[in-house]
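Below you'll find the structure, written out as structure tokens, and then a few comments.
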Amino acid sequence: MKIIAVTDDKMEHSQLLDTLLAIEPFIDAAILREKSKMDSEIIALIRQLIEAGFDSTKLIVHGRTNVASITGINKVQLPGYGEPLTLLKKKFPAISFGRSVHSYGEAETAYKEGADWILYGHLFETSSKVGLPPRGTNELFQIVESLPIPIYAIGGIQPHHLPQLNQGGVAGIAVMSSIFGSDNPEVATTAYKDANHVTTS
979 MKIIAVTDDK MEHSQLLDTL LAIEPFIDAA ILREKSKMDS EIIALIRQLI
1029 EAGFDSTKLI VHGRTNVASI TGINKVQLPG YGEPLTLLKK KFPAISFGRS
1079 VHSYGEAETA YKEGADWILY GHLFETSSKV GLPPRGTNEL FQIVESLPIP
1129 IYAIGGIQPH HLPQLNQGGV AGIAVMSSIF GSDNPEVATT AYKDANHVTT
1179 S
């Protein structure tokens, strides 16, 4: 399974840059989900990451297709709302798009509109979704069985959940709070990588 780190929009620029560079060897991708930052700040972050040796193929821009296009990043994670996916794919044919969904119906619609992958959540209780009941894995596994594109899971996922998700055919996990809310993001990320190695070996 792939391990995707999702930034939490709580770090200032230099701290975020340092953290991403530190965890890069242990992740398969990073979604830059910095909603409060301006496009110019995201562009500067991407360029600095690449200059510092971050593998650009691991970068996924959240929501801002124009930023991805300007910086040469070819993956965008779309929220469950916004510009129609069919229009985006016509406008930016070189970019692959994922869609965040919260139900089987939303996943099916995203697939029909041309999503290249789907991110489903939230699975378990998480500090970023206080008061919202977790969705668990049943519907997730139904989506995995029904749709022929990679399905990723997000929301409260801990290293001990990886065997269960791997058995369900999930393509990977996305982790936000457990990494970027940690006192030591590098150690936290390593725990997922080690659990994944045991699960898939």
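For the sequence shown, this note's numbering puts the final residue at 1179, and the numbers step up evenly by one.
For glycine and all other residues, C-beta sits at the position ideal for the given N, C-alpha and C.
- When the Cα atoms are used, ILE1121 and GLU1029 turn out to be separated by approximately 38 angstroms.
- Bounds of the beta strand (DSSP E) holding LEU1010 are 1007-1010.
- Fewer than three Cβ pairs drawn from the segment 1109-1128 and the segment 1042-1062 lie within less than 8 angstroms of each other, which leaves the two stretches out of contact.
- In its chain, beyond the 5 residues on either side, TRP1095, ALA1149 have a beta carbon closer than 6 angstroms to the beta carbon of PRO1128.
- For ALA1022, the enclosing alpha helix (DSSP H) starts and ends at 1017-1029.
- The beta carbons of ASN1052 and ILE1073 sit closer together than 8 angstroms.
- Note on VAL1165: under 16 other CB atoms within 10 angstroms of its CB, so exposed under the neighbour-count rule.
- Listed in chain order, the alpha helix (DSSP H) runs fully inside the segment 1083-1129 are 1116-1124, counting runs of at least 4 residues.
- CA-to-CA, the gap between LEU1056 and HIS1040 works out to about 6 angstroms.
- Contact annotation: ALA1085 and LEU1125 have beta-carbon atoms nearer than 8 angstroms.
- A distance below 6 angstroms between beta-carbons, with the five flanking residues on each side excluded, links GLY1147 to the following residues of its chain, in chain order: VAL1122.
- Here DSSP, grouped into helix, strand and coil, assigns HIS1080 to coil.
- The continuous stretches of alpha helix (DSSP H) do not include LYS1053, which lies in the beta strand (DSSP E) extending over residues 1053-1056.
- Beta-carbon to beta-carbon, THR1168 and ALA983 are separated by about 12 angstroms, too far to satisfy the 8 angstroms threshold.
- In this structure MET1154 is buried. Its beta-carbon is surrounded by 16 or more other beta-carbon atoms within 10 angstroms.
- Rounded to whole angstroms, ILE1005 and LYS1068 show a C-alpha spacing of 30 angstroms.
- Residue SER1078 holds the alpha-carbon nearest to the alpha-carbon of TYR1130 among PHE1158, SER1078, ILE1021, VAL1176.
- Counting only the Cα atoms, PHE1102 lies some 15 angstroms from SER1081.
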